[in-house]
Amino acid sequence: MIGVLRSLTATMATMMRKPVTIEYPSKHRRVPERDRAFPILLWDFEADEPFCTGCHACERACPVECMTVTMKDNPKHAEGKSKRRKIVDEFFIDYGRCMRCNICVEVCNFDAIAMNNTWTGHELSSVDRKDLIMDKEQLLALSKAKQIRPWVPS
Amino acid sequence: MAIEPETQVEREFETQDLFVNIGPQHPATHGVFRMVLEVDGEVVRNLIPHIGYMHRGGEKLSEHMDYRQAIGYQDRTEYLSQFNAELCYVLAVEKLAGLVPPERAEYIRIILTELNRVSSHFMFLGAFGTDLGVFGTSFTYAFREREHILDLFEEVSGDRLMYAYFRPGGVAWDVPRDFKDRVRWVCKQALVGADDMDKLLTDNEIFIARTRNIGKLSIEDAIDYGVTGPMLRASGMKFDLRRDEPYSIYDRFDFDIPVGTNGDCYDRYLVRLQEIRESIRIVEQAVEQMPDEGPILPERMPRMLRPAAGEVYMRCEDPRGEYGVYIISKGATQPYRCRIRSPSFCNLSALKHMTVGHFVADAVTILGATDIVLCSVDR
Amino acid sequence: MALLLWGIFGVDMNVWLDAFLRLQIVVIVMTVTVMGLIYIERKFVGRIQMRLGPMRTGPYGTLQSVADALKLLTKEDIRPATADFWLFELAPYVTFVPVFMTLLALPFMEGWFVRDLQLGLFYIVAIPGVTVIGYLMAGWASDNKYALLGAVRSAAQLISYELPLVLAVLAVSMVAGSLNLNDIILQQDTVPNLVLQPLPFLILLTAVLAELSRRPFDIPIGESELVGGPWVEYSGIRWSIIFALTEYAGLWAFSLIGAMVFLGGWEWPFGTRDFWGDFDFVYQLALVFSKSFLLILTMMWISATFPRLRIDQLMAFCWKILLPFGFLQVIINGIVLTYVDDSETARNVILFLTSSALVVAMAYVIYLATRQPSREERVGAILAARSAQ
């Protein structure tokens, strides 16, 4: 008999504690700096172009082959405004295939890709799977708007 | 409380056994697992397990990914004890390639692996209570502590469940600056949580009546079926790979191996509860011994790892048993064959032996106490 | 004011119309109470589990039951094609109506009831026995092995636990000398029956949990195994008739019975004193509802804490422990009430002592039955692995 009374006191004790759940979506908990949502591209404000040169390093390193990258000659380099000879032309990431392993961030030679560490990276549901294929402008949007402080492993 | 399956019961009229299907979609099967029970009234006479619903061809996939990309797959195989699976794979590759990880990386790996063991056992405690019918109370208690551990993992690696943090040779990047303090805090909370679960379940007469003498497995039968881990230790055999075949730096720590006496579900529960406390002991020692500064990858680390041709079998103590990785390399960046020895698969083979003769309600208890991870059974 | 509600609106009317109107009042009160109880259970159990419970529908989630009811009303009415049509359709009603009928004999205030039955208690324990038929109908008609297993288990459980329930109320009615609920309540003006008869109170609590198929006795609707038991094929409003209305109306009805029979109903402590004047009905209603609320919370607390018992352990508990002690209590009551007629206080004291002795004896028997090796032996070998090395 004592055991069941012990269980009852244990539950009564927890009833007096504050609940640990918060009301999402009205409140969001803080995500840490290293939180890995989905990859985004970074914008170079000095040269006013993406950091990415389209070198295919991340595309080759991706385990699930979720990226498609093409490269073009950088018109700004011809004009002398930028040091990058080549620049990314098209960049598609299929968020539906991405497994968020961070390998693309590690292999990037130019620190051009980073993981989205904000809440918007987690709230990406859509009704159609095709909407999950992000193109270059969508990937650059967050960085262009300066809404992100990305964390890239050194 | 088991009726001997061999007894012939005198019957006045002919009866037929009923086939009850505890189907792939079920709140108590811990994943997509199908059990067909042949019951005579309430007593189980035969059990036919059906697996394979989660087969994703993982070993074949690992042959097409190089040694860094395949670490993500190990996470998804053991989705509750990810760091243990990653550690095993990474140690196997290090053995093959002859890499020596630096000290700090070893300590980080051990701390994270043991904390993962704690979180996996908390998941077991929560799910076991739910299987028995406590429906929610034990689940939320266990998960509150597990959330603290997962928050710590998120601060270190960035993800709450699929970390892909270990690399052959060390870890991918360094831990945050307040890592040691956070680990100490998490250890304290985990001990409080283990005591909470203890108070809720261990002495509860109903819990004892439901789990004691249910699903007994003797040591000989356990070894015959290839059962390892807490189930083997609950049967009475003091065998733990961390003690008997120490890998990584486990020989530097002082910890005990809880061993059961009866081999029933109650002992399995107690063994896992005590293992939480022992793991916290290891973590506390590791945090004291860990160097504050240091490299996390070897100095001369090749960009693309090409181990020498050869084969290696590495086994580690997973929260469920012996997790083994067998790699054959032909000198390329991708392995020729990667075979995973899954602990849940072998533990599940003893299910029929343990369940026949018990009631239908006990079948769910025994399955819960086996603590399987379906992705590991099916790979 | 009480007279106003006596003959509804003070008008002397046809007895059938009067009964009909009273019934409507009970229906409305029951519906509102059931919705409130669902909300209270979710919040209370949520707090036990360290979470918030419903928060979004309405302020602090108070309209959650309304939202659930609306959703269930608009769900598609599904019936398995091979199900027995009439049995399937009628089973929820056969389960619910008897529970509702128990509310008809309960006096909520002094003199306010739907019908004052002389055989009140007898009626109250007899009528819920019909729910067993409802369970069996549902289990058989669903054409589903899970349902059949659940229905058979539930039939065994419900029929078994009727007996301790009957013995518990029988013991109390012996003390009160009548089966009429009004008389039993009036007889408790100095001391509630809980003090005189603690053992039947505990037996009642246990038997009520088993009658309602609540944890720890919810093997028929074992949520982790036979999900839903006999009701697994039901959905929509039919399902909610069982799980919401039957279970919570039953919970409310039985806790009202417990409050009235054991805790003093609307009489104890100061229910019918003159100083309340015209508003004594407010106090009496408050007493009745708060006592039944207390019992409801206790039952919810027990439900949220314990694992479920297996069917054979459940039956053993009923037949080997509750039933013999119920019989002993009835026999001892008979002896005491026949041979002790000095004074009321002497009778009360002796009743209290004998019943408490039986409670202690039952606790000891339970301890012997569930005796496990002590914690040190059970757990020590494992938890002391620390020192053994």
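Protein chains in written order, with this note's numbering: chain A, 16 to 169; chain B, 4 to 382; chain C, 11 to 399.
Heads up, the beta-carbon is just placed ideally off N, CA and C, and yes, glycines get one too.
Residue-level contact to chain A via CB, residue i, 7 Å cutoff
i              : result
R225 (chain C) : no
L203 (chain B) : yes
T368 (chain B) : no
Nearest residue (CA-CA) to residue i, options the options
i              : options                           : result
V107 (chain C) : C:L80, C:Y145 and C:K81           : C:Y145
T133 (chain A) : A:W58, A:R164 and A:R99           : A:R164
T85 (chain A)  : A:E64, A:K151, A:F60 and A:M27    : A:K151
R107 (chain B) : B:I299, B:E117, B:L40 and B:F127  : B:I299
D254 (chain B) : B:P261, B:Q292, B:R271 and B:W188 : B:Q292
G196 (chain B) : B:T143, B:G26 and B:R309          : B:T143
A72 (chain A)  : A:A62, A:I128 and A:R115          : A:I128
A88 (chain B)  : B:R303, B:D43, B:Y168 and B:V363  : B:Y168
W249 (chain C) : C:F54, C:P102 and C:I229          : C:P102
F131 (chain B) : B:L370, B:L377, B:R340 and B:S379 : B:L370
I222 (chain B) : B:Q77, B:G75, B:H356 and B:L273   : B:H356
T24 (chain A)  : C:N24, C:V292 and C:I58           : C:I58
Q198 (chain C) : C:L212, C:V140, C:L209 and C:V182 : C:V182
T308 (chain C) : C:I50, C:V201 and C:G68           : C:I50
A353 (chain B) : B:M234, B:L40 and B:D270          : B:M234
L159 (chain C) : B:L351, B:E281 and B:G44          : B:G44
A136 (chain C) : C:G149, C:M111, C:K155 and C:D153 : C:M111
Start and end residues, beta strand (DSSP E) containing residue i
i              : result
D321 (chain B) : G313 to D321
M38 (chain B)  : R37 to D43
S332 (chain B) : G324 to S332
E105 (chain A) : K101 to D109
Rounded straight-line distance, which links the Cα of residue j to that of residue i
i              : j              : result
I51 (chain B)  : T373 (chain B) : 16 Å
F118 (chain C) : G266 (chain B) : 55 Å
E109 (chain B) : L94 (chain B)  : 11 Å
D259 (chain B) : I343 (chain B) : 28 Å
R396 (chain C) : D243 (chain B) : With a pLDDT of only 44 at R396 (chain C), under 50, the local geometry of the prediction cannot be trusted, and no value is derived from it.
D201 (chain B) : R275 (chain B) : 11 Å
L83 (chain B)  : M57 (chain B)  : 15 Å
G101 (chain B) : S313 (chain C) : 58 Å
P158 (chain A) : L57 (chain A)  : It is worth fixing the name first, because residue 158 (chain A) is Ser in this sequence and not Pro. C-alpha separation (whole angstroms): 5 Å.
E320 (chain B) : D87 (chain C)  : 52 Å
G229 (chain B) : L220 (chain B) : 12 Å
P78 (chain A)  : S379 (chain B) : 20 Å
E121 (chain A) : T80 (chain B)  : 23 Å
L135 (chain B) : L222 (chain C) : 19 Å
F132 (chain C) : R125 (chain C) : 14 Å
V370 (chain C) : S22 (chain A)  : 20 Å
T133 (chain B) : A263 (chain C) : 29 Å
I306 (chain C) : S265 (chain C) : 6 Å
N190 (chain C) : W276 (chain C) : 15 Å
Where the alpha helix (DSSP H) containing residue i begins and where it ends
i              : result
A76 (chain A)  : A72 to A76
I48 (chain C)  : V25 to I58
I211 (chain B) : E208 to T214
A101 (chain C) : F95 to T112
H356 (chain B) : L354 to T358
P233 (chain B) : P233 to S238
CB contact below 7 Å: residue i versus chain C
i              : result
L23 (chain A)  : yes
T10 (chain B)  : Note that T10 (chain B) scores 49 on pLDDT, short of 50, meaning its location in the model is unreliable; the coordinates nonetheless yield the value given after this. Taking Cβ atoms only, chain C never reaches closer than 7 Å to T10 (chain B), which makes this a no.
L135 (chain B) : yes
I209 (chain B) : yes
G139 (chain B) : yes
V23 (chain B)  : yes
A5 (chain B)   : At A5 (chain B) the pLDDT is 44, less than 50, meaning the model places this residue with poor confidence; the figure from the coordinates comes in the next sentence. No - not a single Cβ of chain C is within 7 Å of the one on A5 (chain B).
A364 (chain B) : yes
E38 (chain A)  : yes
Whole-Å CB distance - residue i paired with residue j, under 8 Å assumed
i              : j              : result
L154 (chain A) : I102 (chain A) : Not really, about 14 Å apart at Cβ, beyond 8 Å.
R382 (chain B) : S345 (chain B) : 6 Å
A115 (chain C) : L100 (chain C) : Actually they are not in contact, since the Cβ atoms of A115 (chain C) and L100 (chain C) sit about 24 Å apart, beyond 8 Å.
P240 (chain C) : A166 (chain C) : With 8 Å as the limit, P240 (chain C) and A166 (chain C) do not qualify as a contact, their Cβ atoms being about 12 Å apart.
L118 (chain B) : V189 (chain B) : 7 Å
Contact with chain B by residue i, beta-carbon distance below 7 Å
i              : result
K53 (chain C)  : no
L338 (chain C) : no
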